[in-house]
Amino acid sequence: LQIAECEARNAKSRESRSFYIFKRYLNKILNEAGKLGLPEKNVGSVRYDAEIILTKQTYLEILRFLTEETWQSGAVDDALSDILVNFKRHDYEAWHWRFEDTFGIDLYNMFLILLCLVCTVIVIATELWTHIHWFVQLKRVLLISFLISFAWNWLYLYKLAFAQHQAEIAKMGQFDNVCAEKLDWRGSLVEWLRSRWTFQDDPCQKYYETLLVNPVLLVPPTKALAITFTTFVTEPLKHVGQGIGEFIKALMKEIPFILQVPVLVMMALAIVAFCYGAGSSVSVLRHL
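Going by the working numbering, the letters in the sequence shown line up with residues 10 to 297, in that order.
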């Protein structure tokens, strides 16, 4: 009888402690929700987002509590208090379905790829390439590539100028109070002496240049045109030269040093013969 009464008291004590732990947990949820706004008369429901962090210790404490083993109310209370963090309002945009999350590529790039494929299929299916001379096609492809590269390089240079402009603005924050206020006669005299007897640039001049000059003006079309022309000519030659250099290096690695000079001479003669033959065949290809 005494054992039964003792077990009944222990069960009642556990139920009482469980009730208070659950009550404190619900109170914490209401306090966190109250900071963001609770449902009012004209609002039927409010959605919230929260993160749940489950550590190994928290998992063990909750498991002891559920299996009714020996558990401590303080440990379970701390575990429930730490499990729910980062309480915030529900972000509807974060839960929307996105094309790039499913297919691994954003919709804009997918559209460009499909557009290129459609253009290629149209050119091949309509046999436009058979009605236009190959030399004319090559010139048009080079012209289109040059125009695309020009716009590409201008946008790249503008992005660089804009990033540098933002960095300069961040550095000029210390001169906000100095350059914004009007100078009295003492300050004007000190500034005049500094500009006459030192080689330091005027920080306020740099300050106002950074604020007033738009980064677009720092990227003229001539600059983008010069870089595009230089890249258009030198970039392919750089890759061709790199490939030829790797080929010669791999070829000479297995050849004895005595035979390397004759091999280089033969390769040079072969290149000259190829260039001569290609130049001679241009006139023949024009008649075809």
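Note that the Cβ used here is the ideal one computed from N, Cα and C, for glycine as well.
Cut-off 7 Å between Cβ atoms - residues of its own chain near residue i, not counting five sequence neighbours on either side
{"i": "Asn-95", "result": "Ala-59 and Glu-60"}
{"i": "His-99", "result": "Arg-56, Tyr-57 and Asp-58"}
{"i": "Leu-227", "result": "Ala-170"}
{"i": "Met-181", "result": "Tyr-216 and Thr-219"}
{"i": "Arg-33", "result": "Asp-86"}
{"i": "Asp-81", "result": "Contrary to the premise, residue 81 reads as Gln rather than Asp in this sequence. Counting only Cβ-Cβ distances below 7 Å, and skipping sequence neighbours, we find nothing."}
As assigned by DSSP and simplified to three states, the class of residue i
{"i": "Arg-33", "result": "helix"}
{"i": "Asn-223", "result": "coil"}
{"i": "Arg-107", "result": "coil"}
Residue i versus residue j: straight-line alpha-carbon distance, rounded
{"i": "Val-145", "j": "Val-127", "result": "22 Å"}
{"i": "Thr-64", "j": "Leu-72", "result": "12 Å"}
{"i": "Glu-244", "j": "Pro-229", "result": "22 Å"}
{"i": "Ser-158", "j": "Ile-264", "result": "42 Å"}
{"i": "Leu-116", "j": "Arg-107", "result": "9 Å"}
{"i": "Leu-156", "j": "Phe-238", "result": "10 Å"}
{"i": "Ala-282", "j": "Glu-255", "result": "22 Å"}
{"i": "Glu-177", "j": "Leu-166", "result": "16 Å"}
{"i": "Cys-213", "j": "Trp-161", "result": "34 Å"}
{"i": "Thr-111", "j": "Val-222", "result": "43 Å"}
{"i": "Tyr-285", "j": "Val-150", "result": "25 Å"}
{"i": "Val-272", "j": "Lys-247", "result": "23 Å"}
{"i": "Glu-83", "j": "Arg-26", "result": "The sequence given here places Gly at residue 83; Glu does not occur at that position. Approximately 10 Å, taken between the alpha carbons."}
{"i": "Ile-122", "j": "Gln-173", "result": "32 Å"}
{"i": "Leu-152", "j": "Lys-258", "result": "35 Å"}
{"i": "Ile-62", "j": "Phe-241", "result": "54 Å"}
{"i": "Ile-131", "j": "Ile-253", "result": "36 Å"}
{"i": "Ala-235", "j": "Ser-154", "result": "15 Å"}
Close Cβ partners of residue i (< 8 Å) along its chain, the five nearest in sequence each way excluded
{"i": "Gln-269", "result": "Met-261"}
{"i": "Glu-109", "result": "Asp-115 and Leu-116"}
Cut-off 6 Å between Cβ atoms - residues of its own chain near residue i, not counting five sequence neighbours on either side
{"i": "Val-85", "result": "Ile-30, Glu-70 and Phe-74"}
CB-CB length for residue i against residue j, believed under 8 Å
{"i": "Trp-163", "j": "Ala-233", "result": "4 Å"}
{"i": "Lys-97", "j": "Leu-45", "result": "7 Å"}
{"i": "Ser-90", "j": "Lys-37", "result": "6 Å"}
{"i": "Thr-67", "j": "Ala-42", "result": "Incorrect: roughly 22 Å between the Cβ atoms, too far for contact."}
Check: residue i C-beta below 8 Å from any heavy atom of the ligand FAD
{"i": "Ala-259", "result": "Absent from the structure shown: the ligand FAD. Ligands present: none."}
Practice problem: Go through the stretch 37-79 residue by residue and report every complete run of the alpha helix (DSSP H) that reaches 4 residues or more, in order. | Solution: 65-75
Completely contained beta strand (DSSP E) runs for the stretch 124-182, where each covers 3 or more residues: none
Counting only runs that start and end within the stretch 216-288, where is the beta strand (DSSP E) found for 3 or more residues in a row?
-> none
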